[in-house]
Amino acid sequence: MDDCIFCKIIRGEIPSGRVLEDDDFIAIHDINPKAPVHLLVMPREHLASLNDIGCWTGERAQKLLEFTVAVARAAGIGESGYRVISNVGRDAGQEVDHLHLHVLGGERLGGLL
Ligand code: 5GP
Ligand code: ZN
185 MDDCIFCKII RGEIPSGRVL EDDDFIAIHD INPKAPVHLL VMPREHLASL
235 NDIGCWTGER AQKLLEFTVA VARAAGIGES GYRVISNVGR DAGQEVDHLH
285 LHVLGGERLG GLL
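Right, dumping it as structure tokens:
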């Protein structure tokens, strides 16, 4: 997608702190962190949100989750604990319409859940 900010990051047109990447997914530091560790995991393929994941195989969806676990471990929060969140749509406050998972940790997290 030409005007998608995360597609631009994936293409290297906008700099970002990359934590981990493979052929299918990348993880970056959130520009406005809400916790000591706040990472964003996203597929290189542009999907607007989890609502569109039906076009994926189950294997691809599993790889996304396994990649997310690997990202948490690489960031040093695999054992201390972390939260994975994906905002979908208006009521969730989704700002960037490119599927991404927030990985938050590094402290005791408060919040809704
Ligand atoms: P959403 O509200 O869509 O779930 O989350 C979008 C996230 O992307 C926000 O936490 C925001 O701080 C982050 N973000 C927006 N623009 C950029 C950017 O250019 N670079 C990085 N690294 N993060 C961004
Ligand atoms: Zn995109």
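Using this note's numbering, you'd call the opening residue of the sequence shown number 185 and step up by one each time.
All residues carry an ideal CB built from backbone N, CA and C; glycine is no exception.
Residue i beta carbon near ligand 1 (any heavy atom closer than 6 Å)
i, result
"residue 235", "no"
"residue 279", "yes"
"residue 215", "yes"
Contact test: residue i Cβ vs ligand 3 heavy atom, cutoff 6 Å
i, result
"residue 239", "Ligand 3 is not among the ligands present in this structure, which contains only ligand 1 and ligand 2."
Start and end residues, alpha helix (DSSP H) containing residue i
i, result
"residue 243", "242 to 258"
"residue 193", "189 to 194"
Residue i: CB within 6 Å of a non-hydrogen atom of ligand 2
i, result
"residue 154", "Outside the displayed range of the chain (185 to 297) lies residue 154, so it cannot be described from this structure."
"residue 190", "yes"
"residue 230", "yes"
Whole-number beta carbon distance between residue j and residue i, since they are thought to touch under 8 Å
i, j, result
"residue 214", "residue 228", "Rounded, the Cβ-Cβ distance is 18 Å, inconsistent with contact."
"residue 280", "residue 189", "6 Å"
Beta-carbon spacing of residue i, residue j below 7 Å
i, j, result
"residue 225", "residue 255", "yes"
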